[in-house]
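**Q** Chains as they are written, first to last, in my numbering: chain B, 3 to 865; chain P, 5 to 254; chain L, 21 to 324. Glycine included, C-beta positions come from ideal geometry on N, C-alpha and C.
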Amino acid sequence: MTNGWVDIKNSDMMLIMGGNPAENHPCGFKWVVEAKRNRNAKVIVVDPRFTRTASQADQFLQIRTGSDIAFLGGLIRYALENNRFNQEYLVHYTNAAFLVKDGFKLPEDGLYSGFDQNAKTYDKTTWNYQEVGGVTAVAGATSHPSGAVSHAEGQGHQAQGPAGAKGMGGGPIPPPMLPPNVAYDLSLQHPRCVFQLLKQQYSRYTPEMVERITGIPKDQAIKAWDTFTSIRQNGDMKKAGTIIYAVGWTQHSSGTQTIRTAAMIQLLLGNVGRAGGGVNALRGHSNIQGATDMAGIFDILPGYLKMPTPADTDLKAYLTRTTPKPSKPKEWDSFNYWSDTPAFTVSLLKALYGDAATKANDFAFNWLPKIDRKYSWAEIWDDMYNGKVKGMLAFGMNGVMIGPNAKKNIEALKKADFLVVCEIYPDETSEFWRAPGTTAEDMKKINTTVYRLPGAGFAEKDGTFVNSARWLQWKWAAVPPPGDCKLDQEILARIFLKVRDKYQNEGGKFPHPILKASWSYSNPYNPSLSEVAREINGKALADVTDAKTSTTIKADQQLPGFAFLRDDGSTMSGNWLYCGSWTEAGAMSQRRGPEDPSGLGIHPNWGWSWPMNRRVLYNRASCDLNGKPWDPDRKQVWWSETKQKWVGNDVPDFKADSDPKTHMGPFIMNPEGVGRLFVPIGAVADGPFPEHYEPTESPIANPLHPSQSNNPIAKRFKSDLDKYGTVDQGFNIICTTYRLTEHYHYWTKNNPMNVQLVPEPFVEIPAELAEQMGLHGGEKVKVTSARAEYIAKAMVTRRIKGMMIDGKKTYQIGIPIHWGFRGIAEDEGKTAKTPVNLLSPAVIDPNAYTPEFKGFLVKLEKV
Amino acid sequence: MGTSAQRLGGKNHFINRIGLTVVYAGELLRHRAYTRFLHWSYGIFFFLALLSGFGIYMPWIFRWFTPLFGGGAMTRMLHPWFGLGFVFFFGLQAINWLTEMSWGPGDTRWIRRLKDYVTHRNTTEPPDVGFFNAGQKAMFWEIVGGSVAYVITGVIMWFPEIFGRWPVAVSYIIHDISALIMLAGIFVHIYLSTIGEPGTMQAMTRGTVSEAWAWTHHPRWYNDVTGRDPVQALDAARLSQTQVPPRSID
Amino acid sequence: MSDRKTLQIQRISGHPGSVAGEGTQRQEKLCKLIDTTTCIGCKACEVACVEWNDMPFQPTMFDNTYQTMPDTNWNYWNLIKFNEVSSDDGSFQWLMRKHQCMHCADPGCLAACPADGAIVQYRNGIVDFQEENCIGCQFCVSGCPFNVPKFNPSTKKVYKCTLCSDRVGSGLEPACIKACPTGCLHFGTKDDMLQLAGRRVTQLQQHAGLKDAGIYDPQTIGGTSVVYVLHDATNPEKYGGLPKNPRIPLAFTIWKSWFKPLGLIASMMAFAGVVMHYVTEGPRRVQPQPPVKEIDGGEARKEN
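#1: Checking contacts by CB at 9 Å: is M62 (chain P) closer than that to chain L?
#2: Are the stretch 62-80 of chain L and the stretch 226-237 of chain L touching by the rule of at least three beta carbon pairs closer than 8 Å?
#3: Please return the same chain residues whose Cβ sits closer than 8 Å to the Cβ of Q814 (chain B), not counting the five positions on each side in sequence.
#4: Please confirm whether P201 (chain L) and K477 (chain B) have their CB atoms less than 9 Å apart.
#5: Provide the residue span of the beta strand (DSSP E) that contains I100 (chain L), from first to last.
#6: Determine, for C121 (chain L), whether the minimum Cβ-Cβ distance to residues of chain B falls below 9 Å.
#7: Go ahead and pull the three-state DSSP assignment for V860 (chain B).
#8: Could you compute how far the alpha carbon of K795 (chain B) sits from the alpha carbon of E781 (chain B)?
#9: Under three-state DSSP, which class holds R617 (chain B)?
#10: For L205 (chain L) and chain B, any beta-carbon pair shorter than 9 Å?
#11: Name the chain P residues that come within less than 9 Å of W275 (chain L), Cβ to Cβ?
#12: Report the option in P:T230, P:G211 and P:V229 whose CA atom is closest to the CA atom of L24 (chain P).
#13: Hey, could you find the ends of the alpha helix (DSSP H) V192 (chain P) is sitting in?
#14: Is C59 (chain L) closer than 9 Å to L214 (chain L) when the C-beta atoms are compared?
#15: When DSSP labels each residue in this structure, what does K811 (chain B) get in the three-state scheme?
#16: Can you give the Cα-Cα distance for C133 (chain L) and K11 (chain B), rounded to whole angstroms?
#17: Beta-carbon separation of G279 (chain B) and S13 (chain B) under 9 Å?
#18: Can you confirm whether H227 (chain L), when its beta carbon is compared against all beta carbons of chain B, has any partner nearer than 9 Å?
#19: CA-CA distance, G172 (chain B) and G563 (chain B)?
#20: Could you give the distance in angstroms between the alpha-carbon of M78 (chain P) and the alpha-carbon of K177 (chain L)?
#21: Give a yes or no on contact between the stretch 342-349 of chain B and the stretch 670-679 of chain B, applying the rule of three or more CB pairs nearer than 8 Å.
#22: Over what stretch of residues does the beta strand (DSSP E) that includes L771 (chain B) continue unbroken?
#23: Give me the subset of the stretch 60-73 of chain L whose CB atoms are less than 8 Å from a CB atom of chain B, sorted by chain position.
#24: Is F62 (chain B) close to chain L? Criterion is C-beta to C-beta, closer than 9 Å.
#25: Is it right to say H206 (chain L) is buried, meaning 16 or more other beta carbons lie within 10 angstroms of its own, or is it exposed?
#26: Give a yes or no on whether the minimum CB-CB distance between P201 (chain L) and chain B is below 9 Å.
#27: Beta strand (DSSP E) containing H665 (chain B): first to last residue?
#28: Which residue marks the beginning of the beta strand (DSSP E) containing R285 (chain B), and which one marks its end?
#29: Strictly under 9 Å for the Cβ-Cβ distance: is D212 (chain L) near chain B by that measure?
#30: On the premise that A226 (chain B) lies in contact with Q61 (chain B), defined as a C-beta separation below 8 Å, what is that separation, rounded to the nearest angstrom?
#31: Is the Cβ-Cβ distance between W68 (chain P) and G37 (chain L) less than 9 Å?
#32: 9 Å is my cut-off, CB to CB: does H124 (chain P) come that close to chain L?
#33: Can you grab the Cα-Cα spacing for the pair T322 (chain B) / G576 (chain B), in whole Å?
#34: Identify whether R594 (chain B) lies in helix, strand or coil by the three-state DSSP scheme.
#35: Report yes if the CB atom of I555 (chain B) is closer than 9 Å to the CB atom of W584 (chain B), and no otherwise.
#36: N5 (chain B) to N449 (chain B), Cα distance in whole Å?
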């Protein structure tokens, strides 16, 4: 989230799309209701089904799953045509005025300039700004053109930004080949300026085209566009609108681009940085934000630092590649916050390797793993299926259930040597060997050794949760883990110490990363999480003085914030973003001050949000060029002439003493200093502007460009179990998957109360379709995809309607994901007992590597 | 010619074999043991149902009845069974008395001169009054109808989840009305069988009545069992102006 | 409230005489406000109710709906009713309404109940079942216009929502209110809740285009201590059978309060009648029978 849960209450207009917060975030949905109740805010819900959220909407539109970019592109077109943007914000806070290189071509035929048909990759040289004087720094100018492409793709993930506001343009480390002096045209008339290209790109997204693609009747779409953009009627900046989404957007082969489209809309409308605005990703797990911040992903290090590649032969090479330089019009200023990358990196290395990381050994940079290709979730399973990955430690995740094409995951585990599962219930992953359809004979052939470790549940652990609003909130254990169950950190510590012993005693290849890892906990076998949290915050290793304020942090003191991080080894921090979360004053995440002096839901003394307790990111953009709030009723931060610094109710997300006259851009994490309507040099891999591509399995050819129907660079897998269906094969119904309020993923099926609320799996089927099939509610149906079949009872409902897609009558069905072949007795015998993800295809988005769980083709039969 | 009384009650009913009825001189057999057994059986159930029902009917007056049955819940639980007991035994009695209770033209006449009956206008009943008079028959049929109502409405109230809200509410009223009628009836019944018409009680205790009682209250039945025509005898007595000596009948 | 720790009784079912301590203190009417326009059907209130009241697990069946079970039960007092409603103008609504005891000002259950003290109404408006006094007659079931009380066949007693009288008596809000995440549920004095509801209705009418929005506080039963804000107050039936004009069956009002005593008196007239008869007319004596010509011997004979 760029903003936060509580901040939603400040909104005047909400577009909820690709998410069902009333269903999956009922507590957070409170703030949507507050905005409706207290501000008469309007809610527009766009979803394939009439959901619980839709029941609260002022307008509901039923969209075909996977066609979101078309709808949002139409919205951009509508805003541009009807003057629903603010010139000042657009010109000065976004790159609308920047000129783009001449060779760049828009995807009228479905492809941007630079596509290599054989390699299925883009050469992104032309995806760049024009330099003043026409001399443009070219990616190809570096000595590593092919490497540049692959790096650029790798950066795609970071392009989501640390806020998790994917594609916000908020936090990527741009490759170092942006021109330092960008050509621009403040009148926005230059045919090569971003604004004109944007207009041209979305001129094709007419209401008629949107109707053909999405199935939303054009009068309804226009009404929704008009309502949403009405907050910027004639450029008036008083009101703010927010866009709220979740995995209904991410889980597509063009997921990242969908979110980017939302970011562009918000930049265009001047909603980013504003209270009640922003692009707000709702995280589906209590701590998924924390997991991302702490690099639970293959291609980043904690704090969204980039993962080293084999090309980074030493620390200097790595830092040169990953530390961006300002790229902007000469007259403007850019904070370019990522220029501190060296300090963040060295402090991390000091946290990882302690005293063993010295200036002499490049702070042990070469002990870090380096990635030569992608190791995303689906790729790990593909590798295991192909015999390359031999073992797996599955902690806190049920791999058999959550993967796409689950059959492949089950088969992959059969080929592994070992599997370690740490769980609180016996789950499907640890019992993959008895998945439905596995015969006794089959079982004899499975040689995988399975270890089950009894873990602890969330109420049995302390530590922090980082919520969608980036708030770190400490929680205390409610009860001790039962029986032999152990805390995660104890299990991990014991495994680590055992491995280290083996290295110590028996030696091994490349032992340093393990032998030299810093492990200075008072109880090495069960590190206390408060110690770990202090380590993540970081401390001074020698006295550190901040030049500007003359504050000195003594050696061994906790650091008060990342401004104190140094690249000379005098500080350590496990994650620079969390620096400031556990200072000498104590654990900020344990604060519980409910006060909210501004009434904006900032609650500065409740928990702690990164970065530096800022509640709304890019909040400089809540003020006009002169530093005055756009809306005097919602004053977040402002420039104080008397103090000559930025002050406010929130912590300014800006260089505190930067006078507005210097024209420093509010988007300090971008080297441009402004928000990106156009994303240069492949920070988003599939194009500088989002383009609608059909889902991999789609009932129609893309009406925009039938010859290039799908995302050209979305990855498909090639194993014998990776099959993809077409309409010609009879797969004529669109299927999507989702969660229910009453259940939480795959473990509440073990809890009687939840089972009582929704006892068994079902398939939601439009009443119209059911009538044609002669199907009644409660009867069993068989759903078949190219990969597998799934049987459950039919829920015949009028909440899903048939739609006209490109002139074809098309139906969508939906299946909740919660049931599998393990559950309590109450569940036994009633459930389909097969994972829904047997049906879904393994196709992954090229930026975030998220599989396309939402929107694949099936056929439907009565059982 | 077998008398009505002999025919009733199933000659071979085992209760009649167990409980013999002693008929002393000057007495007539009125109710065999079986009939009396039934009478007192449903009589007991009637009062159990009545008292337990009172506790539920109007607890703010009759709440002191419920402890007799072990508290409110137990009262509620027992009441339908008491009712069923009453209906069961009364049902047997109804079969037992079916022919005797059949309505005749004389009964209609009797009802028309009900006022004369109440005011003792004549010292004896009209000569066409048989084993039961029309008042007794009316009461009998009221109880038959009431019992049917009890069973139907009672079952509905017993299992409301099957029958739903409105049937229960209606049953509630019908059940009550039926009970109120029977309550009124029981006063009359007890009065007439005890102090209202001395000599009657004996019919349901020992099973016999005096011939004079039969002659007074049920002349035609008297005629049937004694072979004497009460009308002629009366006329003869009047003609002869002979004072009939009083005779103890108890 | 003068003393939050006390629940002042106002009415007791089947009870003679006055209510002890009546009128000794003032107690505000309490009220639960359910704004159906902000209910998202998350069932947090259902879970809170089951957990607080420590209800046993009840197996359920898939029934082609998101609704947990068809109706409330003796061990499930709080149920959100889900209704898919298509209107003539082509619009579609998915209505969710939290269904539970309405705590009527004029409670049909209490009117119907024949057991002394099985149902009490507190002065704060809570209608509470005292199961130890319940005789299991289920009259309350048919007396209730909302089909709320539910019979447990194994304990032979009837149960329903207590509006968490145990919590309210200790100055806490009911469990469902505590659990509601969206602020759809409110709890306070009836005056306050009606004011809040009124403001919300005005807002819905003026800003959400819901011309028929309104408050559900049916006066046919004297109002309720649970009040709804409805998108369409003209047609409460579409919210899963919320009666527009709920009524206590006549059997439990007129019959019970008027005709019952009158009927009893009428019955007792029979007693008075026979007494009068005895006094005025006297007993009917057995008349001597006409002279007997032939009398059987003085011996007793046995008949069988």
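**A** In short:
#1: Chain L, which has a Cβ nearer than 9 Å to the Cβ of M62 (chain P), makes this yes.
#2: Flag = no, the stretch 62-80 of chain L and the stretch 226-237 of chain L do not touch.
#3: Around Q814 (chain B): P50, R51, R66, T67, I735, I736, C737, T738, P768, I802 and M805.
#4: Taking 9 Å as the cut-off, the Cβ atoms of P201 (chain L) and K477 (chain B) do not count as close.
#5: Looking at the DSSP string, the run of the beta strand (DSSP E) that includes I100 (chain L) is L99 to S106.
#6: Contact with chain B is absent for C121 (chain L), since none of that chain's Cβ atoms lies less than 9 Å from the residue's Cβ.
#7: It is a strand residue.
#8: Here the C-alpha atom of K795 (chain B) lies approximately 5 Å from the C-alpha atom of E781 (chain B).
#9: Note: R617 (chain B) maps to coil in three-state DSSP.
#10: Not one chain B Cβ lies under 9 Å of L205 (chain L).
#11: Within chain P, the residues near W275 (chain L) are A173, Y176, I177 and D180.
#12: Of the candidates P:T230, P:G211 and P:V229, the one whose C-alpha sits nearest the C-alpha of L24 (chain P) is P:G211.
#13: Residue range R169 to Y195 is occupied by the alpha helix (DSSP H) that includes V192 (chain P).
#14: In this structure, C59 (chain L) does not lie closer than 9 Å to L214 (chain L) by Cβ.
#15: Here DSSP, grouped into helix, strand and coil, assigns K811 (chain B) to strand.
#16: Roughly 48 Å separates the two Cα atoms.
#17: In contact: G279 (chain B) and S13 (chain B) (Cβ atoms closer than 9 Å).
#18: Among the CB atoms of chain B, one or more fall inside 9 Å of the CB of H227 (chain L).
#19: Any answer about G172 (chain B) is weak, because its pLDDT of 40 lies below 50 and its placement is not dependable; what the coordinates show is given next. G172 (chain B) and G563 (chain B): Cα-Cα distance of roughly 20 Å.
#20: One Cα belongs to M78 (chain P), the other to K177 (chain L), and the distance between them is close to 12 Å.
#21: As far as the Cβ criterion goes, the stretch 342-349 of chain B does not touch the stretch 670-679 of chain B, which means the pair count is below three.
#22: Boundaries for L771 (chain B): no beta strand (DSSP E) harbours it, while the alpha helix (DSSP H) harbouring it runs A769 to M775, taken from the DSSP string.
#23: Interface annotation for the stretch 60-73 of chain L against chain B: I60, G61, C62, K63, A64, E66, V67, V70 and E71, criterion Cβ-Cβ distance under 8 Å.
#24: Yes, contact with chain L.
#25: With 16 or more other Cβ atoms from the protein chains shown falling within 10 Å of its own Cβ, H206 (chain L) counts as buried.
#26: So yes, P201 (chain L) belongs to the interface.
#27: It is not in any beta strand (DSSP E) - H665 (chain B) carries neither H nor E in the DSSP assignment.
#28: Going by DSSP, R285 (chain B) is part of no beta strand (DSSP E) at all; its letter is neither H nor E.
#29: Closer than 9 Å: no.
#30: Confirmed, about 6 Å.
#31: Contact: no.
#32: So, interface residue.
#33: Straight-line measurement puts the Cα of G576 (chain B) at about 21 Å from the Cα of T322 (chain B).
#34: In the structure shown, R594 (chain B) sits in a strand (DSSP, three-state: E or B).
#35: Contact check for I555 (chain B) against W584 (chain B) fails: the beta carbons are separated by 9 Å or more.
#36: One C-alpha to the other measures close to 49 Å.
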